[in-house]
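A.B. asks:
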Amino acid sequence: MNSFDKTPEGRLPLYSDGSPSSYGKDHSKLGHKKQLIRKRGGFVFRVYEHVKLGPKFSVTARGKLRLGAKIIRQGGRKNIFKHVFGIVEGEELLKASQCYLSTSAGPIAGLLFMSTHRVAFCSEQSITFPSPTGELIKTQYKVMIPLKKVMKAHQSENVSEPDMKYIEVVTDDNFDFWFMGFLRYEKAFKSLRKAISMANRC
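Note that the UniProt record's numbering numbers the sequence shown so that position 137 is 137, with each residue one more than the last.
1) According to DSSP, simplified to helix, strand and coil, what is residue 115?
2) Residue 205: which of 79, 78, 95 sits nearest, CA to CA?
3) Could you tell me the alpha carbon to alpha carbon distance between residue 121 and residue 146, rounded to whole angstroms?
4) Just to confirm my understanding: we take residue 198, look at its own chain, exclude 5 residues before and 5 after, and list those with CB closer than 7 Å. What are they?
5) What are the boundary residues of the alpha helix (DSSP H) that includes residue 160?
6) Can you check which of these residues, 91, 90, 101, is closest to residue 140 by C-alpha distance?
7) With a threshold of 8 Å on Cβ separation, who are the neighbours of residue 77 within its own chain once the five nearest residues in sequence on each side are excluded?
8) Quick check: the Cα distance between residue 190 and residue 155, rounded to an integer number of angstroms?
9) Using only the alpha-carbon positions, how far apart do residue 185 and residue 98 sit?
10) What separation, rounded to the nearest whole angstrom, lies between the Cα atoms of residue 157 and residue 108?
11) Can you grab the Cα-Cα spacing for the pair residue 159 / residue 129, in whole Å?
12) Please report whether the beta-carbon of residue 192 lies at a distance below 8 Å from any beta-carbon of chain D.
13) Helix, strand or coil: how does DSSP classify residue 179 here?
14) Can you name the start and end residues of the beta strand (DSSP E) that residue 192 belongs to?
15) Under the DSSP definition of a beta bridge, which residues are partnered with residue 123?
16) Could you tell me if residue 153 is buried or exposed, where buried requires 16 or more neighbouring beta carbons within 10 angstroms of its beta carbon?
17) Quick one: Cα of residue 137 to Cα of residue 126, how far?
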């Protein structure tokens, strides 16, 4: 049995051959526009990097608006985490960050949750998958990794696109997960390391 829960199983296989550099190649020709955005400030540039990973700007923008409305409607990110994954006794949510999960079918936008017990990801929107019977079903893409199963977590960046940074999480049964497109990359990684450290002390 795998050390993580992933739904729907096997539909979107994850990268296992290193950093997902193909996305960097797709967005390598940013030119003058990128230079101007970078000069305007770090956060503006991170927002640009985050949004450009989506299929289209308009689609990504609508997704962010829907996510913002959902967070407000459900009373905060903690309530979304509780609704999607449930909360076990003694568990505390440390951080929730908007990012993308890298898959062989392309990056999936969503929220990465880091708690005292686990790392979890759920997609912003429902994704359509073919069922075993051939019917199309829509559901959120979810990943849940118990912290006790995390072997390591480290930072990485695209060689040709140094501004494109990743967080890789590797489990003790050799599954790897790549998260990218963070608005607050350093804070997200710091929170992840804190969560892993707390779990190791228990």
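Built from N, CA and C at the ideal position, the CB exists for glycine as well.
C.D. replies: Quick look at the numbers:
1) strand
2) With the chain running from 1 to 202 in the structure shown, residue 205 is simply not present.
3) 12 Å
4) 116
5) Segment: none, residue 160 is in no alpha helix (DSSP H) and carries neither H nor E.
6) 101
7) 71, 93, 96, 111, 113
8) 10 Å
9) 10 Å
10) Annotation: residue 157 to residue 108 spans about 18 Å, alpha carbon to alpha carbon.
11) 33 Å
12) Judged by its chain identifiers, the structure shown contains no chain D, having just a single protein chain.
13) strand
14) Premise fails: residue 192 lies in the alpha helix (DSSP H), 185–201, not in any beta strand (DSSP E).
15) 110
16) Per the 10 Å Cβ criterion, buried.
17) 9 Å
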